[in-house]
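J.:
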Amino acid sequence: MRLAQPHGGRLIADATGYITGASMNAILAELQAMPSLGVYVVFMASTALTAALGCVLLAPLVRPPQTKEHLDVAMRATGAVMAALTLSLAFCAVQARSQSDDARRAISTEVAAISTLARISHRMGVPGSELRSGIIAYVHAIIDREFPNMAAQGAEAETSRLALAIEEAAYLAAGALPEVMATDILQETEEVEAARERRLHAARSGLPFEFWLLIALLFALLVLTGAFYPPRRHIVGMLALQAAGGGALLAFVFLVAQPFRDGTGLTSEPYQTLLNRIEH
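Per the UniProt record's numbering, the very first residue in the sequence shown carries number 1; after that it's consecutive.
Set out below in structure tokens:
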């Protein structure tokens with residue numbers, strides 16, 4: 001019986017962690033599927049409501065003195081927390097924008113490498129026909145299979161197989177080419193592979209967990225400062241409005257941190273343009 005209790009406790013803890021993780025993933029999936037305006041509404045409404053409830057529920061427990069001196073101290077504390085939150089969100093927005101720019105550069109690099117490899121295969125004539133066909137199939141797979149789901153699932157199996165087929169076709173073709181041309185085709189093949197890895201990494205990367213933890217802690221402190229105000233209607237409204245502004249900044253960071261978000265992020269259009277150029 002003594003051994004069963006810790007084991008049961010672990011099972012309960014594991015089950016609770018699994019359910020919590022699944023719930024968070026479901027919430028994130030819903031937010032990611034929302035239009036941008038919906039994301040702003042959700043974040044602003046939830047932060048405003050939390051701040052208002054923080055004042056209404058906590059102030060009666062603290063019973064803050066309703067003096068001018070105390071209100072000045074409370075307002076300075078709230079202002080300091082809000083300033084720290086704003087600076088943190090601004091820094092996170094800059095980091096997220098930098099990651100988005102890296103993702104855009106990864107796509108441009110990959111498209112350029114594939115285009116160069118396709119030109120080389122075209123100059124080869126008949127010996128390069130297999131490589132050229134493989135490149136076309138590979139770009140089709142990126143557009144139709146890998147790009148739409150890579151942020152959630154990473155590399156796609158069929159696209160990976162076609163990438164390997166391109167590499168094998170390039171090595172076979174290089175064996176029948178002059179040394180300079182063989183070197184070029186092998187270098188471009190390696191660049192295509194490296195560029196794909198950078199794109200996949202950019203799709204799966206995001207702001208570090210520590211950034212989101214810092215934001216959550218600062219928001220919690222902002223809510224706690226509501227306990228130092230008398231729960232009057234105009235004060236609750238002021239705290240809710242202030243928190244809604246922070247929620248708007250948080251929504252912006254959330255959106256910018258998703259460079260491949262449907263409708264607002266990067267698209268597969270560069271690959272479609274490349275495919276049209278290769279096929280015609």
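Glycine residues also receive a C-beta, built at the ideal position from the N, C-alpha and C atoms.
Is the distance from the Cβ of Tyr229 to the Cβ of Ala74 below 7 Å?
T.: Against the sequence shown, residue 229 aligns to sequence position 229. Against the sequence shown, residue 74 aligns to sequence position 74. Yes, they are a contact pair.
J.: Measure the C-alpha to C-alpha separation of Arg199 and Ile142 and round it to an integer number of angstroms.
T.: Taking the first residue of the sequence shown as 1, we reach residue 199 at position 199. Taking the first residue of the sequence shown as 1, we reach residue 142 at position 142. As the crow flies, the alpha-carbon of Arg199 is around 11 Å from that of Ile142.
J.: According to DSSP, is Gly247 helix, strand or coil?
T.: As a position in the sequence shown, residue 247 is number 247, starting the count at 1. It is helical.
J.: Please identify the residue among Arg76, Leu57, Val62 whose C-alpha is closest to the C-alpha of Lys68.
T.: In the sequence shown, residue 68 corresponds to position 68, counting from 1. Nearest of Arg76, Leu57, Val62 to Lys68, Cα basis: Arg76.
J.: I believe Thr86 touches Leu249 by the beta-carbon criterion, under 8 Å. Please report the beta-carbon distance rounded to the nearest angstrom.
T.: Residue numbering aside, residue 86 sits at position 86 when the sequence shown is read from its first letter. Residue numbering aside, residue 249 sits at position 249 when the sequence shown is read from its first letter. That belief holds up - the Cβ atoms of Thr86 and Leu249 are roughly 7 Å apart, short of 8 Å.
J.: Give the straight-line distance between the Cα atoms of Pro148 and Val111, rounded to the nearest whole angstrom.
T.: Counted from its first residue, the sequence shown places residue 148 at position 148. Counted from its first residue, the sequence shown places residue 111 at position 111. C-alpha separation (whole angstroms): 17 Å.
J.: Mind checking which residues open and close the alpha helix (DSSP H) that includes Gln99?
T.: Numbered from its first residue, the sequence shown carries residue 99 at position 99. Taken as a continuous stretch (DSSP letters only), the alpha helix (DSSP H) holding Gln99 covers 68 to 124.
J.: If you draw a straight line from the alpha carbon of Ser115 to that of Leu222, how long is it in whole angstroms?
T.: As a working note, residue 115 is residue 115 in the sequence shown. As a working note, residue 222 is residue 222 in the sequence shown. The alpha-carbon atoms of Ser115 and Leu222 are separated by roughly 52 Å.
J.: Looking at the unbroken alpha helix (DSSP H) that takes in Leu218, where does it start and where does it end?
T.: Reading the sequence shown from its first residue, position 218 is the one you call residue 218. Note, Leu218: alpha helix (DSSP H), 209 to 224.
J.: Would you tell me roughly how many angstroms separate the C-alpha atoms of Ile166 and Ala202, rounded to the nearest one?
T.: Taking the sequence shown and counting its residues from 1, one reaches residue 166 at position 166. Taking the sequence shown and counting its residues from 1, one reaches residue 202 at position 202. Spanning the two alpha carbons is a distance of roughly 23 Å.
J.: Look up Thr47 in the DSSP assignment and say whether it is helix, strand or coil.
T.: Taking the sequence shown and counting its residues from 1, one reaches residue 47 at position 47. Three-state result, Thr47: helix.
J.: Just the Cα atoms here: how many angstroms apart are Val192 and Tyr138?
T.: Translated into positions along the sequence shown, residue 192 becomes position 192. Translated into positions along the sequence shown, residue 138 becomes position 138. If I take the Cα positions, the gap works out to 11 Å.
J.: For a test of the three-state rule: what should DSSP assign to Asn149, helix, strand or coil?
T.: Here the question's residue 149 lines up with position 149 in the sequence shown. If DSSP states are grouped into helix, strand and coil, Asn149 belongs with coil.
J.: In its own chain, which residues sit with a C-beta less than 6 Å from the C-beta of Ala251, not counting the 5 before and 5 after it?
T.: Counting from 1 along the sequence shown, the entry for residue 251 is found at position 251. Around Ala251: Val39, Tyr40, Phe43.
J.: Assign Gly265 to one of three DSSP states: helix, strand, or coil.
T.: The residue labelled residue 265 in the question sits at position 265 within the sequence shown. Note: Gly265 maps to coil in three-state DSSP.
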